[in-house]
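One structure is given below, encoded as structure tokens.
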Amino acid sequence: MAKNKQIENTTVADSSRRSFLTKLWIGLGLLALFQTAGVVVAYLRPHRMKTKDDKLQSIVRAGPVESFPLDSVTAFIKGKFYLARLNDGGFLALSRKCTHLGCTVMWYRQDKKFVCPCHSSEFDIRGEVLDPPAPRALDTYRVSIENNVVNVDLDKRIKRSSFDRSHVAYPNSKSPA
Amino acid sequence: MAIKSSEPCGQQDPFPVDRADREGYRKFSDSLFLHIRPRTVPKSTLRFSLTWGLGGMAVVLVSLMFGTGILLKFVYLPVPDQAYESILHLQRNVTFGQLIRNIHYWSGNVLVLVVFLHLLRVFFTGAFLPPRQLNWIIGIGLFVTILLSNFTGYLMPWDQLAFWAITICMGMLDYIPVIGRWLQELVQGGPEVGAATLLNFYAIHTAILPALLFILMLSHFWRVRKAGGIVVPHNSEGDTSISRDSIPTIPHLILREVVVALVLLALLLVLSMLFDAPLENKANAGLSPDLIKAPWYFVGIQEMLIHIHPVISLFIMPVMIITALLTLPYLNYQANTAGVWFISTKGRKLALIAAATSLIATPMWILLDEYLINSGATILDITSFISNGLLPIGILCGVIYGFYALILKQNDANINEAVQSIFVLLLVAFIVLTITGIWFRGAGMKLMLPW
């Protein structure tokens, strides 16, 4: 009788140890699975430019301030942006990607607006939406003016819902914050 | 009555009794390819109009995709400045290059149509009811895999059509709440469609999806076999005994399958010899063409996007549709009506009414939305979310409920017939949207007549 009880006790203890070890295995297995998934996702994620050289490359030298007439838009194909000079002399670098679904907008000098060929969204010279379906104004890049030369930092893309004066760069004054 | 173990439990023994014949038969049926089939099939499942051979056609087409795809891998280069050129090279300099590309293109498109029709056939013959529910789920997985294969393949030519169609579709990902932008950049391999995107899509298209397709297909076929083969039509009392007349698979089923496969192959070859796969100008990131449409199988969603707020049409609605499709086999159905097209005479009638309703209501709504309600306004503010988001959803729910209350309840439809009718209602609406998107949208996405 005592021996039976002993066996009972050991079997009960065995099964709780077993269940603990099983849970441990499963837990470790799940951990391994998540780690593998993490490795795969990290591998696939697009890498960000981190080196100094890359940073230098991302700043485009657009040209001297005088070469841009007031109320004009100049296309920069390589940088994939438009440089707009507003009526008050300020500069705005506008992304050429329509904020609706990503098509390249075209500048129409006569009508003074950007028109997207895909779904007819329209933007004014400041990038503000004139006609939907675009949901927000065109993105801008940070513009800095040094030694009378306009520079556009392609690394700093600014998403905005509408025109914000603080994004405009003015010559002969501090660069915008 | 002693039953020999080597004989099937049928009323008549359809097998060659002669030992030599049986040996020969056994050798034949020992092959891996034929092993997936049972030794006998019910006679009533051989009827062509039961399944239209669509599943088998899908297998033939997938095999063509694999074969032509592998051949293409020997010539195509998945790098932006070489992709387009490699296709020109394929078409001009490689013997039969144009033909292989054409077969790949046409088989791919016909495949989407065939699996869609197969889905409809399975639905309308009730072949998703128990015990076939899991196979329906696997089937949906196959369908999505095939759509993704078509989609990723669409980018490969790197011409204007490919580049901008994919750019727009990637732009749609951005509207998914919370994870949208992250997902978009992960798939694109960067902030916009470029070299990384092409390479990603190539890896997905030629490695991940084929492997997935292969595994799902094996599972799908095995489950068909496990469920007892093609769904068997009952007679009106639900009695299946008469339908169980069995005849040997070889040659009766095999012969029919081979005929369908050969006819399909012939048609596809003729198509590929007559019509070239399209190739426009090389992709130019600085120039969006006047008219960019999503691939034809996604045009229905694009049409919805034109009328409905993007968060709803690109995220909420697809989630709802997929959820509905996945839960379809698990609803509380009544009598097992599998095997009969459209369930019953009443089912047929209700389905027709549903189709007619949708056929009239959908174009009306498209026109109404285009010219009266402010359709273009997908600006992400509250007013457009209501007018272009909640309002259409409200109308849709209202229509479904109205249809249920007025027509289904009046006709005393059981749940099978009710689900079928609503399915038809939504299906026809989607088809109308797709047709509108393909033929009735012109430059700048304006509504226009196709002539």
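Chains A and B are the protein sequences, given in the same order.
Residues in the first sequence are numbered consecutively from -2, following the numbering used here.
Residues in the second sequence are numbered consecutively from 1153, following the numbering used here.
Just so you know, even glycine gets a beta-carbon here, dropped at the ideal spot from N, CA and C.
All values derive from a computational prediction rather than experimental measurement.
Test item: CB-CB of residue i and residue j under 8 Å
{"i": "L1361 of chain B", "j": "S1301 of chain B", "result": "yes"}
{"i": "L1335 of chain B", "j": "L1325 of chain B", "result": "yes"}
{"i": "V1492 of chain B", "j": "A1347 of chain B", "result": "no"}
{"i": "L89 of chain A", "j": "G60 of chain A", "result": "no"}
{"i": "V1384 of chain B", "j": "P1190 of chain B", "result": "no"}
{"i": "S163 of chain A", "j": "L135 of chain A", "result": "no"}
{"i": "C95 of chain A", "j": "I1444 of chain B", "result": "no"}
{"i": "M1322 of chain B", "j": "V1296 of chain B", "result": "no"}
{"i": "I1188 of chain B", "j": "R1408 of chain B", "result": "no"}
{"i": "T1509 of chain B", "j": "L1423 of chain B", "result": "no"}
{"i": "S1573 of chain B", "j": "A1581 of chain B", "result": "no"}
{"i": "P168 of chain A", "j": "N148 of chain A", "result": "no"}
{"i": "R1284 of chain B", "j": "A1379 of chain B", "result": "yes"}
{"i": "L1206 of chain B", "j": "H1270 of chain B", "result": "yes"}
{"i": "S1440 of chain B", "j": "C115 of chain A", "result": "yes"}
{"i": "H97 of chain A", "j": "S118 of chain A", "result": "yes"}
{"i": "L1313 of chain B", "j": "P1430 of chain B", "result": "yes"}
{"i": "I1114 of chain B", "j": "M1597 of chain B", "result": "Because chain B spans 1153 through 1603 in this model, residue 1114 of chain B falls outside it and cannot be assessed."}
{"i": "V1451 of chain B", "j": "G1589 of chain B", "result": "yes"}
{"i": "D1311 of chain B", "j": "Y1257 of chain B", "result": "no"}
{"i": "F1276 of chain B", "j": "F1494 of chain B", "result": "yes"}
{"i": "L1294 of chain B", "j": "L1368 of chain B", "result": "yes"}
{"i": "L1338 of chain B", "j": "L41 of chain A", "result": "yes"}
{"i": "L1405 of chain B", "j": "L1198 of chain B", "result": "yes"}
{"i": "Q1250 of chain B", "j": "D1397 of chain B", "result": "no"}
{"i": "W1288 of chain B", "j": "P1481 of chain B", "result": "yes"}
{"i": "A1502 of chain B", "j": "N1563 of chain B", "result": "The question names Ala, but residue 1502 of chain B in the sequence shown is Leu. Taking 8 Å as the Cβ cut-off, L1502 of chain B and N1563 of chain B qualify as a contacting pair."}
{"i": "G87 of chain A", "j": "V36 of chain A", "result": "no"}
{"i": "F175 of chain A", "j": "Y138 of chain A", "result": "The structure shown does not extend to residue 175 of chain A, since chain A is modelled only from -2 through 174, so no value can be given for it."}
{"i": "F65 of chain A", "j": "L80 of chain A", "result": "yes"}
{"i": "V1262 of chain B", "j": "L1213 of chain B", "result": "yes"}
{"i": "V1584 of chain B", "j": "T1514 of chain B", "result": "yes"}
{"i": "I1292 of chain B", "j": "L1477 of chain B", "result": "yes"}
{"i": "S141 of chain A", "j": "D152 of chain A", "result": "no"}
{"i": "M1308 of chain B", "j": "G1260 of chain B", "result": "no"}
Residues that DSSP places opposite residue i in a beta bridge
{"i": "L91 of chain A", "result": "A:Y79 and A:T137"}
{"i": "S118 of chain A", "result": "DSSP output for S118 of chain A lists no bridge partner at all."}
{"i": "T101 of chain A", "result": "A:K94"}
{"i": "A1506 of chain B", "result": "Per DSSP, none; premise fails for A1506 of chain B."}
{"i": "V112 of chain A", "result": "A:M103 and A:E119"}
{"i": "T1192 of chain B", "result": "B:P1400"}
{"i": "G60 of chain A", "result": "A:V147"}
{"i": "I142 of chain A", "result": "A:V147"}
{"i": "L1599 of chain B", "result": "B:R1593"}
N- and C-terminal bounds of the beta strand (DSSP E) containing residue i
{"i": "N148 of chain A", "result": "V146 to I155"}
{"i": "A72 of chain A", "result": "S69 to F73"}
Enclosing alpha helix (DSSP H) for residue i [first to last residue]
{"i": "V126 of chain A", "result": "Per DSSP, V126 of chain A belongs to no alpha helix (DSSP H); it is in the beta strand (DSSP E), V126 to D128."}
{"i": "F65 of chain A", "result": "First-last for F65 of chain A: undefined, no H or E at that position."}
{"i": "T1349 of chain B", "result": "A1347 to A1355"}
{"i": "T1588 of chain B", "result": "I1567 to W1591"}
{"i": "P168 of chain A", "result": "Unbroken run through P168 of chain A: none, as it is neither H nor E."}
{"i": "L1543 of chain B", "result": "L1543 to F1555"}
If we require 3 or more residues per run, which beta strand (DSSP E) segments fall completely within the region 1198 to 1269 of chain B? Listed in chain order, there is nothing to give.
Hey, which unbroken runs of the alpha helix (DSSP H) at 4 residues or more fall wholly within the region 1414 to 1491 of chain B? Complete alpha helix (DSSP H) runs here, min 4: 1451 to 1459 and 1469 to 1479.
Got a sec: which bits of the region 1414 to 1439 of chain B sit with their beta carbon under 8 Å from any beta carbon on chain E, in order along the chain? Absent from the structure: chain E. Protein chains present are A and B.
Alpha helix (DSSP H) runs wholly inside the region 1280 to 1365 of chain B, at least 4 long, in chain order: 1285 to 1307, 1312 to 1325, 1332 to 1340 and 1347 to 1355
Segment contact flag, the region 1409 to 1417 of chain B with the region 1229 to 1243 of chain B, C-beta cutoff 8 Å, min 3 pairs: no
Across the region 27 to 42 of chain A and the region 102 to 116 of chain A, are there enough close Cβ pairs to call them in contact, namely three or more that are closer than 8 Å? no
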